[in-house]
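Residue numbering for the sequence shown follows our numbering, beginning at 9 and increasing consecutively.
We treat Cβ as the ideally placed atom computed from N, Cα and C, and that holds for glycine.
First the structure, in the form of structure tokens, and then the observations on it.
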Amino acid sequence: MKTTTLLATAMVAMALTSCADDEPVSINRGDAISFRPAMGSRATEVTNANLQTFYVTSFLGTTPYINNVAYTKGGDGFYNSAVPYYWPGDDTPLDFYAYSPSLDELFPGGDATTDGSGDGIVFNSTEKTLVNFAVADSIKNQVDFITAYGTGKKSVNEEAGLELTFGHRLSQIEIRAKSDNTQFTFKVAGVRIGRAQYLANFDFVTNTWTLDDWHDTQVYTSRCPEVTLGDSAVSIMGPDGNAMLLPQTLTAWSPTSDPDNVAREAYLSVYVQITANATGTTVYPFPSDNRTDEVTGQKRQYAWATIPLSGTWEAGKKYVYTLDFTHGAGYTDPDDPIPGKPVLGDPIKFTVNVEPWQSTPGTLPMTVK
């Protein structure tokens with residue numbers, strides 16, 4: 009009897025100009041199941057060039073056939089498992105689920121499970137779920153979580169190959185800043201994304217998240233080298249890169265009715281120094297502010313200027329917020345001793361454009377109202 013092998017060669021492509029969230033991955037025939045170029049992690053967009061390993065589970069009906077097997081990129085550009093797998097000779101269909109990065113990267117504590125007994129991943133006849141995934145506290149440790157699903161059988165896919173579609177399942181956030189203000193000089197040294205949901209389960213069948221609303225929201229802080237703002241928007245995310253956060257709908261912080269942010273609502277903050285051009289006097293931090301910087305331990309030269317943030321983050325989309333200080337500098341931070349106070353006067357204004365996993369311009373004027 010002729011022995012038939014399955015080769016699945018997967019090419020994962022990011023959607024650069026399309027409005028679709030996913031791009032197809034072509035899989036070509038060969039000697040054993042293997043895959044070719046796609047995706048990475050650590051607050052870095054996954055691409056064909058930087059993906060080193062992904063993990064595959066396959067089912068014969070409700071019976072596992074491939075169980076969480078790593079496929080790693082070889083010198084020939086193909087991704088191979090340590091043990092080859094073959095199409096069933098009776099033409100029984102196979103379902104494939106794939107994801108990246110590894111469980112150790114998704115759950116850095118090293119105690120992730122695969123049997124449903126704790127946090128981790130579950131693949132069985134009734135459930136295909138990432139359980140209790142928590143976004144890393146530090147932006148530099150956040151990962152670009154991608155998944156794919158495909159189904160095929162010997163008579164259809166042995167020669168033509170199986171097509172997979174990988175999708176980014178988190179939302180990517182970048183903060184930029186600018187100013188056309190001629191009265192003040194704005195120097196920026198950091199950014200905060202305030203009060204986002206961080207804990208959820210992911211369903212591999214529906215590609216949807218279920219947020220855990222019982223836990224508190226999270227504040228993500230990133231420092232950047234000092235930059236003096238001009239009329240061209242510049243990223244202020246710093247060396248940690250862009251944030252990779254859970255898709256969710258945000259309710260904006262109210263600096264007037266809830267300045268202390270008891271409701272734990274969303275906001276953006278910029279670590280900024282504001283100097284009057286005419287005199288060289290620092291007007292923010294306020295002259296009365298004698299606190300020390302939490303990093304340097306010295307009297308701080310910067311203070312947090314904040315704006316409320318609302319809207320919906322969708323999976324597989326990159327949101328680029330440009331904070332515009334031309335006509336104002338927002339409010340004092342919710343954690344400030346005197347929160348919700350206008351820093352200069354008018355509120356920060358902003359606009360946002362969203363595109364699937366690519367840079368999306370948006371302007372957020374720093375004015376109050």
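- Collapsing the DSSP output to three states places E166 in a helix.
- DSSP assignment within the segment 260-292 yields the following whole beta strand (DSSP E) runs of 3 residues or more, N-terminal first: 275-284 and 290-292.
- Secondary-structure assignment with DSSP links E182 through a beta bridge to V328.
- Bounds of the beta strand (DSSP E) holding L138 are K136 to A142.
- Using a Cβ distance threshold of 8 Å, A241 and S277 do not count as a contacting pair.
- Taken through DSSP and simplified to helix, strand or coil, L254 comes out as coil.
- Within the DSSP bridge table, the entry for P316 names Y275 as partners.
- When C-alpha distances from I154 are compared across P293, K161, L138 and L331, the shortest belongs to L138.
- W217 has F210 as its beta-bridge partners, per DSSP.
- Assigned with DSSP and collapsed to three states, E113 falls in helix.
- Nearest neighbour of Q191 by Cα position, chosen from V235, H335, I346 and S89, turns out to be H335.
- Taking T283 as the centre and dropping the five residues before and after it, the same chain places the C-beta of T193 and T290 closer than 6 Å to its C-beta, in chain order.
- Between A185 and I244, the CB-CB gap stays under 8 Å.
- Per the Cβ contact rule, the segment 126-134 is not in contact with the segment 87-102 (fewer than 3 Cβ pairs under 8 Å).
- Y105 is positioned such that its CB atom lies closer than 8 Å to that of K136.
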